[in-house]
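In our numbering, the protein residues as written are 45 to 361. Backbone N, C-alpha and C define an ideal beta-carbon position, used for all residues, glycine too.
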Amino acid sequence: MSTLDNMLEEINKANSIVILTHENPDGDAVGTALALYNALKQYGKNPDIIIPEYPQIFAFLANAQEIKKESEVEKYDLAISVDCSDIKRLNGFAKYFEDAKSKIVIDHHSTNTMFGDINFVNPDAPACAQIMLVILEHFNIEVTQDIGTCILTGIITDTGGFKYQGVTPETFEFVAWLLNRGINVSKVYRKVLQIKTKPNFELTRNANNRLEFLEDGRVAYTYITKKDEEEVHAQNGDHEGIVEIGRDVENVEVSIFIRETDEGCKVSMRSNEYVNVSDVCLMFGGGGHQRAAGVLMQGSIEQVKEKLLYQVRGQLK
Ligand code: 5GP
Ligand code: MN
Numbered sequence: 045m046s047t048l049d050n051m052l053e054e055i056n057k058a059n060s061i062v063i064l065t066h067e068n069p070d071g072d073a074v075g076t077a078l079a080l081y082n083a084l085k086q087y088g089k090n091p092d093i094i095i096p097e098y099p100q101i102f103a104f105l106a107n108a109q110e111i112k113k114e115s116e117v118e119k120y121d122l123a124i125s126v127d128c129s130d131i132k133r134l135n136g137f138a139k140y141f142e143d144a145k146s147k148i149v150i151d152h153h154s155t156n157t158m159f160g161d162i163n164f165v166n167p168d169a170p171a172c173a174q175i176m177l178v179i180l181e182h183f184n185i186e187v188t189q190d191i192g193t194c195i196l197t198g199i200i201t202d203t204g205g206f207k208y209q210g211v212t213p214e215t216f217e218f219v220a221w222l223l224n225r226g227i228n229v230s231k232v233y234r235k236v237l238q239i240k241t242k243p244n245f246e247l248t249r250n251a252n253n254r255l256e257f258l259e260d261g262r263v264a265y266t267y268i269t270k271k272d273e274e275e276v277h278a279q280n281g282d283h284e285g286i287v288e289i290g291r292d293v294e295n296v297e298v299s300i301f302i303r304e305t306d307e308g309c310k311v312s313m314r315s316n317e318y319v320n321v322s323d324v325c326l327m328f329g330g331g332g333h334q335r336a337a338g339v340l341m342q343g344s345i346e347q348v349k350e351k352l353l354y355q356v357r358g359q360l361k
């Protein structure tokens, strides 16, 4: 039996199902989780979806209002984690996963630790949402406009609007298929990728002013503090996109963005051609993809910057 057949058998058997994703969820995390939620409801199941906090730009997705912050259920029959590479990143809600009788992991991170009983992980997929599409097709669950929009959200956000490496022919085939069904791709694109919140705009302005070019212009570096976020009343997700700015300047190979949080310094890294930022983050306990990765580190912003630069320097050509 294939992995997907096993997965469907677990879903069929389960009376209670919970869907989870990583902390600080992005469009791929929320979109894939809601696609699965809506699909399982259509299939006749009554799952829970638990995401304590998520960016409100995704609140228009079908049944986003049913997302729970927590649950009273002590032990689910089945827990499904999407777009999450390691159990640590489920953070405070990892308990729902750990306590579940059966555990499924669906993901596209090359650093995935295979923490489920069933793991369906494809690092070649540009977005976890694209894997979800394959799964739903295998399960013969109809991809309605609502589900299609959730999946499209994941693909658009994780590919930076179809422009990152990793975009596959299937990505465009799927978008063509959606267009044929009358889904307004341009409207979704604008909603999930282009429109900025006011706090995001203000934080970006700040980060721009501070941006430094190091190592002969091959590294771009910037940061924002807790105070910056308080001043603009930033909400979950309002720092998104800042790390991309430095990467898009000529000759830059690596962009480093540090965000001060209550838990420590949250690092985002991006590269253009050859530096494997996932390796750098993995060294400090994080992970991600070759060209986009992250890690949570302890110490001051300045100390974290120096530790990262030391490792990046070794990889620069
Ligand atoms: P971002 O910089 O957009 O937060 O994350 C870039 C990529 O790295 C995403 O695929 C994200 O899932 C992954 N990532 C970010 N932070 C961490 C982390 O602390 N640990 C791991 N394993 N992956 C991370
Ligand atoms: Mn993703």
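Between the region 123-130 and the region 222-240, the count of C-beta pairs closer than 8 Å stays below three; the two stretches do not touch. In this structure, the beta-carbon distance from R303 to Y354 does not fall below 8 Å. In this structure, C172 has its CB closer than 7 Å to one or more heavy atoms of the ligand MN. The three-state secondary structure of H277, taken from DSSP, is coil. The alpha-carbon of D202 is positioned some 10 Å away from that of L196.
Pairing H182 with N166 gives a Cβ-Cβ distance that is not under 8 Å.
At a cut-off of 7 Å, the beta-carbon of V263 does not count as near the ligand 5GP: no heavy atom of the ligand is closer than that.
Listed in chain order, the alpha helix (DSSP H) elements of length 4 or more contained wholly in the region 155-230 are 172-182, 189-202, 213-224. Residue state for S322 is assigned as helix, using DSSP reduced to three classes. For H152, the distance from the CB to the nearest heavy atom of the ligand MN is below 7 Å. The straight-line gap separating the alpha-carbon atoms of N252 and V348 is approximately 19 Å. Under DSSP, F257 forms a beta bridge with A264. The closest heavy atom of the ligand 5GP lies 7 Å or more from the beta carbon of L134. In the same chain as S115, and ignoring 5 residues on each side of it, the C-beta atoms closer than 8 Å to its own belong to V62, D92, I94, Y140, in chain order. Around the beta carbon of A336, 16 or more other beta carbons sit within 10 angstroms, so the residue counts as buried.
Taken through DSSP and simplified to helix, strand or coil, F301 comes out as strand.
Under DSSP, the beta-bridge partners assigned to G308 are T305. Ranked by how close their Cα comes to the Cα of D161, the residues E142, F301, E350, G205 have E142 in first place. Here L352 carries a helix assignment [DSSP, helix/strand/coil]. Going by C-alpha positions, A138 is about 19 Å away from A58.
Around the Cβ of N68, a 10 Å sphere holds 16 or more other Cβ atoms; the residue is buried. Counted as a single uninterrupted DSSP element, the alpha helix (DSSP H) harbouring I55 occupies residues 47-57. For D202, the Cβ falls inside the 7 Å cut-off from some heavy atom of the ligand MN.
A distance below 8 Å between beta-carbons, with the five flanking residues on each side excluded, links T157 to the following residues of its chain, in chain order: S129, D130, I131. Annotation: T269 is outside any alpha helix (DSSP H) and is labelled neither H nor E by DSSP. Between L255 and E273, the CB-CB gap reaches or exceeds 8 Å. When the five nearest sequence neighbours on each side are left out, the beta carbons in the same chain lying within less than 7 Å of the beta carbon of N250 are those of I268, D272, in order along the chain.
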